[in-house]
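Just so it is clear: in the sequence shown, position 129 is 128 by numbering that gives the first Met the number 0, and no numbers are missing.
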Amino acid sequence: MRLGPSIIASAIIASAILAVLPLAAQAQQPAAQQVPSQNVWGQLPRMQLDRQFAGPLQDTIVQRWRDPVDGTVCYLYLPITASHSPVQDSGYVQYGANTIGSISCMAPVQPPLPPANPPPGPARSGSSPGR
């Protein structure tokens with residue numbers, strides 16, 4: 000079976016359109032958000048380090064951090080060292096695809112409130128005053 004010139008031309012045009020469509024879609028996407036500068040990171044609030052423990056594996060640690068505003072507690076499991084790239088043009092380093100730790104957070108545990116009216120004490124037995 001032989002294909003005619005019009006079928007071949009149509010196939011070439013269709014292939015060209017399909018090749019250009021992804022480029023047009025990329026051009027319509029909004030610009031990526033700007034990465035915050037190193038100065039912004041330096042101004043972010045800090046959590047408070049409560050305690051630090053030896054991790055289950057050699058050269059790892061578990062840290063307990065507390066949010067000073069709402070009391071949220073977070074546990075971080077980290078290696079003591081982690082390799083990373085030199086500082087990038089953005090002012091940040093890249094740790095790559097390897098996992099460098101994990102985090103688990105929970106709401107603060109509040110102690111039970113004391114009763115509004117304390118229960119009456121036990122009745123005293125024995126001698127009455129004035130005897």
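All C-beta atoms, glycine included, are put in the ideal place defined by N, C-alpha and C.
Cutoff 7 Å; reference residue i; Cβ partners in own chain excluding five residues on either side
i: Trp64; result: Met46, Gln47, Leu48, Asp49, Cys73, Leu75
i: Gly54; result: Ile60, Val61, Tyr76
Distance between residue j and residue i (C-alpha atoms, nearest Å)
i: Val39; j: Gln62; result: 24 Å
i: Gln87; j: Gly41; result: 16 Å
i: Gly95; j: Phe52; result: 26 Å
i: Gln109; j: Asp69; result: 11 Å
i: Gly135; j: Ala115; result: Limits of the chain in this structure are 0 at one end and 130 at the other, which puts residue 135 out of reach.
i: Leu56; j: Pro121; result: 55 Å
CB contact flag (residue i, residue j, <8 Å)
i: Ile60; j: Leu77; result: yes
i: Gln93; j: Ser84; result: yes
i: Asp66; j: Ile79; result: no
Identity of the residues DSSP links to residue i by a beta bridge
i: Trp40; result: Its beta-bridge partners do not exist; DSSP assigns none.
i: Gln47; result: Arg65
i: Ile79; result: Bridge partners of Ile79: none, in fact.
i: Tyr74; result: Arg63, Ser103
i: Ala53; result: Ile60
Cβ-based neighbour list, residue i, same chain, cut-off 8 Å, excluding 5 preceding and 5 following
i: Ile99; result: Leu77, Pro78, Ala81
i: Thr71; result: Arg65, Cys104, Met105, Ala106, Pro107
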